[in-house]
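Chains as they are written, first to last, in our numbering: chain A, 1 to 151; chain B, 1001 to 1267.
Heads up, the beta-carbon is just placed ideally off N, CA and C, and yes, glycines get one too.
Just below is one structure, and these are the notes that go with it.
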C-alpha cells in the first residue's frame, strides 16, 4: 500500500512536470498529474495481480485516455492536454536505454529481446489511447444524431 | 468525424463583400497554421478550419486538408473560389496555444467576435507566452520523477533533476543559434544528457548512471508525436500518420545514437 502511495506521488509529479514541459494551460497541470497518477496505479495493480506487462500497459493507457476524455468534457479543453502528460509515465524509456546498453556490451540476444518489448509496449500504449478516443468520438456522433432527431 | 454538415447550425451573417471573405479566409488559415505549428492532431486542424469557414452563411463547398506540415483550405462563395495554403516548417509542442485556438474557434463559430476582432485575437494568441522557465522546470521535474519511477534512489533523482534542467537549457541555447534540424538536434541532446550524467555520477557517492540517463532523456523522447501519429493513422490521415511515425522512430534512433556514443567511449 505504501508502495502504491509513493508511486502515485512520483507519477503525479512526473506528469505535472511534463504538462509544464509541453506548456499546457496552467490550470490543467494538476489534472494532468492526476491522470498520470491514476493510470500508473492501474498499471501497477494489473502488473502485480497478473504479471502481464503488456496488458497492464494497455489498461493503464486506456485509463489515461478515458480520464483525458472525461476531463476534456468537464473543462472544455482538447483531450490531448490531459492524455499526453498522463501516458508519459508508461512510456518505455528504460526499454530504449537498455536496448542501447545491451547492444554496446555486445549482448545482441538480450538487446533484441528488449527492443521487441519496447516496441510492443509502445504499440500497447497507442492502442489503449485509441480505444478511449474512438469510444468518445462515437459517443459524440450518437449525441449529434439525437439532437438532429429532436430538432 | 467532420462530414456532419447539417448538425452545424449556421448562426452568423454571410460575409458582405470581397474584403470580408478575404478576412474569413485569413482567419481560417491562421488558425489552422497555429494549430499545426503547436502540435495539434491533424483531424483537429482540419475540423477547426472547416468549422470556421462553415460558420458563415452562403459559403459552400468548404474543404480543408492538412498533412504533417502543410494545411490548405478552399471554399466557394457566389461562384468565386477562394483558397489558401500554409506551409509550417518547424513543429513543436505548445498545448497552451492549442487550447487557446480551440476555445477561440468555439467562440468564433458562436458569433462572439467580428472578423477584425477575430484576426487580432488570433495574432495575440500566436505571439503567446514562451514560458521558457516553466519548460525548464518541467523538464527537471519530469526527469527527476521518472528516475524515481524506475526505482532510482533519492540522490539519483536529485542528480537527474539537475541533468534534465541543464541539458534542456544547453539544448535550447544551441538550437536557438544554429538550426540543427531534428535528427542532429536529438543526437546532440543525447550526447549532452549522457555526458552530463557521466560527469555528475563520477563525482562519487556510488550512483547508478543507468537510472539517471533514463530519467534525463525522457523529455526528448517523442512520446507526444508518436501518440499523435498513431491517432492520425487510425483516424484515416495515413500520410501524416506515416510521416509522424517515421519521424518519431528516427528521433528515437538519433537520441539513442547520441547516448550510445558516449557510453561506448566511456566503457
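Let me see if you follow: with CB-CB separation under 8 angstroms, is residue 102(A) close to chain B or not? Interface with chain B (8 angstroms Cβ-Cβ cutoff): residue 102(A) is excluded.
Tell me the rounded alpha-carbon separation between residue 1063(B) and residue 1049(B). In this structure, the straight-line span from the alpha carbon of residue 1063(B) to that of residue 1049(B) is close to 8 angstroms.
Cβ pair residue 1259(B), residue 1209(B) closer than 8 angstroms: Contact: no.
Look at residue 1131(B) and residue 32(A) and say whether their C-beta atoms are less than 8 angstroms apart. With contacts defined by Cβ atoms closer than 8 angstroms, residue 1131(B) and residue 32(A) do not form a contacting pair.
Between which two residues does the alpha helix (DSSP H) harbouring residue 1037(B) extend? Taken as a continuous stretch (DSSP letters only), the alpha helix (DSSP H) holding residue 1037(B) covers 1018-1037.
State yes or no: is the beta carbon of residue 44(A) nearer than 8 angstroms to at least one beta carbon in chain B? Chain B, which has no Cβ nearer than 8 angstroms to the Cβ of residue 44(A), makes this no.
Nearest CA to the CA of residue 1223(B): which residue from 1240(B), 1245(B), 1233(B) and 1239(B)? For residue 1223(B), the nearest C-alpha among the options comes from 1245(B).
Which residues of chain B have a Cβ atom closer than 9 angstroms to the Cβ of residue 87(A), listed in chain order? Those within 9 angstroms of residue 87(A) in chain B are 1223 and 1227.
Quick check on the DSSP output: the beta strand (DSSP E) that includes residue 1063(B) runs from which residue to which? 1060-1066 is the extent of the beta strand (DSSP E) around residue 1063(B).
Under 7 angstroms Cβ-Cβ, which residues of chain A neighbour residue 1135(B)? 20, 21 and 23, listed in chain order.
Beta-carbon contacts of residue 1034(B) that lie in its chain and below 8 angstroms, excluding the five residues immediately before and after: Correct list, in chain order: 1097, 1101, 1122, 1125 and 1126.
C-alpha gap between residue 1228(B) and residue 1247(B), whole angstroms: When only Cα atoms are considered, residue 1228(B) and residue 1247(B) end up about 12 angstroms apart.
Find the residues of chain B that neighbour residue 130(A), judging by a C-beta separation of less than 8 angstroms, and give them in chain order. By Cβ distance, chain B contributes 1230, 1231 and 1234.
CB contact below 8 angstroms: residue 1264(B) versus chain A: Output row for residue 1264(B): interface = yes.
Note down, in chain order, every chain A residue with its Cβ under 8 angstroms from the Cβ of residue 1177(B). Under the 8 angstroms cutoff, chain A gives no residues; its nearest Cβ is about 21 angstroms from residue 1177(B).
Out of 1114(B), 1108(B), 1203(B) and 1218(B), point me to the one whose CA is closest to residue 1161(B)'s CA. Answer by Cα proximity: 1218(B).
Neighbouring residues, chain A, relative to residue 1049(B) (Cβ below 9 angstroms): Residues of chain A passing the Cβ test: none, with the nearest at roughly 15 angstroms.
Rank 1086(B), 1262(B) and 1202(B) by C-alpha distance to the C-alpha of residue 1026(B) and give the top, closest one. Comparing Cα positions, the closest option is 1086(B).
I'd like to confirm the pairing. Which residues does DSSP put opposite residue 1084(B) in its beta bridges? 1073(B).
So, helix, strand or coil for residue 155(A), using DSSP? Lying outside 1 to 151, the shown extent of chain A, residue 155(A) is not represented and no answer is given.
Cβ neighbours of residue 1023(B) in the same chain (closer than 6 angstroms, five flanking residues each side left out): Closer than 6 angstroms at Cβ, skipping near neighbours: 1115.
Within 10 angstroms of its Cβ, does residue 1108(B) collect 16 or more other Cβ (buried), or is it exposed? With 16 or more other Cβ atoms within 10 Å, it is buried.
Can you tell me whether residue 1258(B) is helix, strand or coil according to DSSP? DSSP places residue 1258(B) in helix when its eight states are reduced to three.
Any idea what DSSP makes of residue 1056(B), helix, strand or coil? Per DSSP, reduced to three states, the secondary structure at residue 1056(B) is strand.
Going by alpha carbons, who is nearest to residue 81(A) out of 69(A), 5(A) and 10(A)? Looking at the Cα atoms, 69(A) is the closest of the given residues.
Amino acids of chain B, ordered along the chain, whose beta-carbon sits closer than 8 angstroms to that of residue 122(A): Under the 8 angstroms cutoff, chain B gives 1226.
Of all the CB atoms in chain B, is at least one closer than 8 angstroms to the CB of residue 93(A)? Closer than 8 angstroms to some Cβ of chain B, the Cβ of residue 93(A) qualifies, so yes.
Quick one: measure Cβ to Cβ for residue 1150(B) and residue 14(A), integer angstroms, because I've assumed they're closer than 8 angstroms. Contact between residue 1150(B) and residue 14(A) is absent: CB atoms are separated by about 11 angstroms, not below the 8 angstroms threshold.
Tell me the rounded alpha-carbon separation between residue 73(A) and residue 102(A). In this structure, the CA atom of residue 73(A) is about 44 angstroms from the CA atom of residue 102(A).
Classify residue 48(A) as helix, strand or coil using the three-state DSSP reduction. If DSSP states are grouped into helix, strand and coil, residue 48(A) belongs with the helices.
For residue 1012(B), list the residues DSSP reports as bridge partners. Answer is 1056(B), bridged to residue 1012(B).
Residues that residue 13(A) contacts on chain B, provided the C-beta gap is smaller than 9 angstroms: Residues of chain B passing the Cβ test: 1141, 1142, 1144, 1145 and 1148.
Report all residues from its chain with a CB closer than 6 angstroms to the CB of residue 136(A); omit the five preceding and five following residues, and keep chain order. Apart from the 5 residues on each side of it in sequence, residue 136(A) sits with its Cβ closer than 6 angstroms to the Cβ of 69 in its chain, given in chain order.
Residue 73(A), enclosing alpha helix (DSSP H) - first and last residue: Residues 53-75.
Roughly how many angstroms separate the alpha carbons of residue 1002(B) and residue 1047(B), rounded to a whole number? Any reading at residue 1002(B) must be qualified, since the residue scores a pLDDT of 45, below 50, and its modelled position is unreliable; the value itself is stated next. Going by the C-alpha atoms only, they are around 6 angstroms apart.
Just to confirm before moving on: does the CB-CB distance between residue 86(A) and residue 28(A) stay below 8 angstroms? Not closer than 8 angstroms, so no.
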